[in-house]
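Enquirer:
Residue numbers (the numbering used here), protein chains in the order written: chain A, 3 to 296; chain B, 3 to 296.
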């Protein structure tokens, strides 16, 4: 990994939390070339161990999620929002399947943002995002997000430079309003290499069952790889805040990506420390009444 | 099991499909007392085998779901809607967690229907249901549904008898319009015994971590058990149609319930036989272009 990650690099005590290792320091300029997409910081040793460690997270994650939801039934308004961004084929869909698949689906609110519809284009770029936010006790997942409006929008010149610059501030204020009202925002950039994207696009072309995942626009965007990287660097730099920092997850190795995102969510949920609410009724009386009913 | 289920009962060839075994014959009056909630028709032998068989369904179910979704990207409008009904503690939440947890959460649209909000009460009872329907390629899950409007609404006298009778017809026409437009509607009644409900309510009272799941209304509704059963019998009878039949799943044994609902979904998805769409682009040309991009 590059030097942008904090902790345990200079003979000091090892970083204990993955979120400290992967967090991009707010205020520091992001240089994607300094981060190795094949690295596995803080991770298990190898694929088999990684897959096993991820599967073993299903139980603690399910327990934390249940407590978060249970607390919401007694008025706790806290919730989590996972924002997934990354180049085409970086594994956003796979992360939803394998990481969010560890949770109880009833408590997950998943939204995949595609090209805006006509109705969506008639509103501010944050409009469709606001409508998809998680409710208290839920875990929201954005597969792509409002960041597309400073990424694709910038690279494809969909709006002017001035408007793009204005949006960084709007995004920061928007996310701040979320965290102020009890949403833990976990923004993950899935970092893959240009070589890995080539391999994955080729696999899509060489496997008939994967053709539906391929679009000719993928090639056009690959040709714009450096532009997208620059747009990402700016967005990660301008919109990395203390309230809602970015986490850079090296994603060339799928097993590491799944383990890392699961572990980030676990750490953030543990920090929330949600609790089962006390009974809002007289337990002994209810018990007696139940037994009397036969 | 009672005599209402078809197939393999009189020395004829054994029923091959679980959906044939559990399907309530449209047009025949339903008598819940004739169905043993502890039965395991067509199921694996015992809990361990049942749990293993259910886990083994994750792969075929995931594959079928992916094909259904892939087909939708090429214009196939088919989709599935699972409707879960049952008395309190019958396991609707558990079914969502354990059965829908076998699918890719990104393709599932889950909606849990609670007491109607003020806004919802300002519309026809089908309004909120229409807004939660699955889109093409998706698997929709209703945890409770429009049936509450002929169950709770009837038992608690929320509307008059005449209105309730009118609703059965409205429901049948509504579901018919869904199946006509490519939605496979799988309606499941989770059938538990009065004794099993007592056990489960008692467990909620005796486990502090489960207190949040308990409400005093649960006791009031348990006192109305016979009324709810009559309301269910009428709804299952009046709204069991060829287009959208009811399936009765004995649910005292959780492992059987999960296996049975998973297997029903598998059979219905297999009947749809969704296919990966052919490429909508020139694969060879795209391959060449990708290699040229480096």
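We put the CB at the ideal spot given by N, CA and C, even for glycine. Since this is a predicted model, take the numbers as computed values, not measurements.
Hey, residue 186/A and residue 132/A are a contact pair by Cβ (cut 8 Å); roughly how many whole angstroms apart?
Expert: Not quite, the Cβ-Cβ distance comes to about 17 Å (not below 8 Å), so this is no contact.
Enquirer: Grouping DSSP H, G and I as helix and E and B as strand, with all else coil, what is residue 153/B?
Expert: DSSP places residue 153/B in coil when its eight states are reduced to three.
Enquirer: Residue 249/A and residue 25/A look like a contact to me (Cβ under 8 Å); what is the Cβ gap, rounded to whole Å?
Expert: 6 Å between Cβ atoms; contact.
Enquirer: List, from N- to C-terminal side, the beta strand (DSSP E) runs of 3 residues or more that fit wholly inside the segment 128-212 of chain A.
Expert: For the segment 128-212 of chain A, whole beta strand (DSSP E) runs of length 3 or above, ordered along the chain, are 141-145, 185-193.
Enquirer: Between the C-alpha atoms of residue 275/A and residue 66/A, what's the straight-line distance to the nearest angstrom?
Expert: Rounded to whole angstroms, residue 275/A to residue 66/A spans 8 Å at the Cα level.
Enquirer: Identify every residue that forms a DSSP beta bridge with residue 248/A.
Expert: Residue 248/A is bridged to 189/A.
Enquirer: Given a limit of 9 Å on CB to CB distance, which residues of the segment 253-283 of chain A reach chain B?
Expert: Those residues of the segment 253-283 of chain A that come within reach of chain B (Cβ to Cβ, closer than 9 Å) are 278, 279, 280, 281, 282, 283.
Enquirer: Check the Cβ of residue 102/A against every Cβ in chain B and list those closer than 8 Å, keeping chain order.
Expert: By Cβ distance, chain B contributes 107, 108.
Enquirer: Within its chain, find whatever has a CB closer than 7 Å to the CB of residue 207/B; leave out the 5 residues flanking it on each side and keep chain order.
Expert: Around residue 207/B: 216.
Enquirer: Quick one: residues in its chain with C-beta nearer than 7 Å to the C-beta of residue 174/B, no 5 flanking neighbours on either side, listed in chain order?
Expert: Closer than 7 Å at the Cβ level, and outside the excluded window around residue 174/B, lie 241, 243.
Enquirer: Just tell me which of 115/B, 147/B, 37/B has its CA closest to the CA of residue 193/B.
Expert: Among 115/B, 147/B, 37/B, the Cα nearest to that of residue 193/B belongs to 37/B.
Enquirer: Is it the case that the segment 153-170 of chain B contacts the segment 226-235 of chain B, given that we only count it when at least three CB pairs across the two stretches are under 8 Å?
Expert: A contact exists between the segment 226-235 of chain B and the segment 153-170 of chain B.
Enquirer: For residue 287/B, count the other beta carbons within 10 Å of its own beta carbon; 16 or more makes it buried, fewer makes it exposed. Which is it?
Expert: Residue 287/B is exposed by the Cβ-count criterion.
Enquirer: Should residue 246/A go down as buried or exposed, given a rule of 16 or more other Cβ atoms within 10 Å for buried?
Expert: It is buried - the Cβ of residue 246/A has at least 16 other Cβ atoms within 10 Å.
Enquirer: Taking a cut of 9 Å between CB atoms, which residues from the segment 137-152 of chain A lie near chain B?
Expert: Listed by position along the chain: 143, 145.
Enquirer: Quick test of the definition: if touching needs 3 or more C-beta pairs under 8 Å, does the segment 102-116 of chain A touch the segment 135-153 of chain A?
Expert: Taking 8 Å as the limit for Cβ pairs, the verdict is that the segment 135-153 of chain A does touch the segment 102-116 of chain A.
Enquirer: For residue 85/A, list the residues DSSP reports as bridge partners.
Expert: In DSSP, residue 85/A forms a bridge with 144/A, 189/A.
Enquirer: Name the two residues that bound the continuous beta strand (DSSP E) containing residue 40/A.
Expert: Unbroken run through residue 40/A: none, as it is neither H nor E.
Enquirer: So with CB distances below 7 Å, who are the chain A contacts of residue 82/B?
Expert: Here the premise fails: no neighbours, minimum Cβ distance about 15 Å.
Enquirer: Would residue 147/B and residue 85/B be called neighbours here (beta carbons separated by less than 7 Å)?
Expert: It is a contact, given that the beta carbons lie within the stated cut-off.
Enquirer: So what does DSSP say about residue 285/A, is it helix, strand or coil?
Expert: Looking at residue 285/A - three-state DSSP - the assignment turns out to be helix.
Enquirer: Does the segment 276-295 of chain A come within contact of the segment 49-60 of chain A, defined as at least 3 CB pairs closer than 8 Å?
Expert: Contact between the segment 276-295 of chain A and the segment 49-60 of chain A is absent, because fewer than three Cβ pairs lie under 8 Å.
Enquirer: To the nearest angstrom, report how far apart residue 69/B and residue 289/A are at their CA atoms.
Expert: Straight-line Cα distance between these residues: approximately 49 Å.
Enquirer: Residue 260/B: buried (16+ other C-beta within 10 angstroms of its C-beta) or exposed?
Expert: By the 10 Å Cβ count, residue 260/B comes out buried.
Enquirer: Here's the rule: buried if 16 or more other CB atoms are within 10 angstroms of the residue's CB, otherwise exposed. What is residue 277/B?
Expert: So residue 277/B ends up on the exposed side.
Enquirer: Using the C-alpha atoms, what's the distance from residue 214/B back to residue 220/B?
Expert: Approximately 12 Å, taken between the alpha carbons.
Enquirer: Near residue 178/B, which residues of its chain fall below 6 Å by C-beta distance, leaving aside the five closest residues on each side in sequence?
Expert: Counting only Cβ-Cβ distances below 6 Å, and skipping sequence neighbours, we find 245.
Enquirer: Taking the alpha-carbon positions, what's the residue 182/A to residue 107/B distance?
Expert: If you take the alpha carbons of residue 182/A and residue 107/B, they lie about 28 Å apart.
Enquirer: In the DSSP assignment, the beta strand (DSSP E) including residue 114/A goes from what residue to what residue?
Expert: Its beta strand (DSSP E) spans residues 110-114.
Enquirer: Would you grab the beta carbon distance between residue 295/A and residue 225/B for me? Rounded to a whole angstrom, and I think it's under 8 Å.
Expert: Their Cβ separation, rounded to whole angstroms, is 6 Å, which keeps residue 295/A and residue 225/B in contact under 8 Å.
Enquirer: For the alpha helix (DSSP H) containing residue 257/A, list its first residue and its last residue.
Expert: 256-274 is the span of the alpha helix (DSSP H), which, as asked, contains residue 257/A.
Enquirer: What residue range does the alpha helix (DSSP H) around residue 227/A cover?
Expert: From DSSP, the alpha helix (DSSP H) with residue 227/A extends over 227-240.
Enquirer: Who does residue 25/B pair with in a DSSP beta bridge?
Expert: Partner(s): 249/B.
Enquirer: Would the beta-carbon of residue 191/B fall within 7 Å of that of residue 128/B?
Expert: It is not a contact, given that the beta carbons lie outside the stated cut-off.
Enquirer: Less than 7 Å between the C-beta atoms of residue 21/B and residue 267/B, yes or no?
Expert: No, these two residues do not count as a Cβ contact at 7 Å.
Enquirer: Please compile the residues from chain A whose C-beta is within a distance smaller than 7 Å of the C-beta of residue 291/B.
Expert: In chain order: 221.
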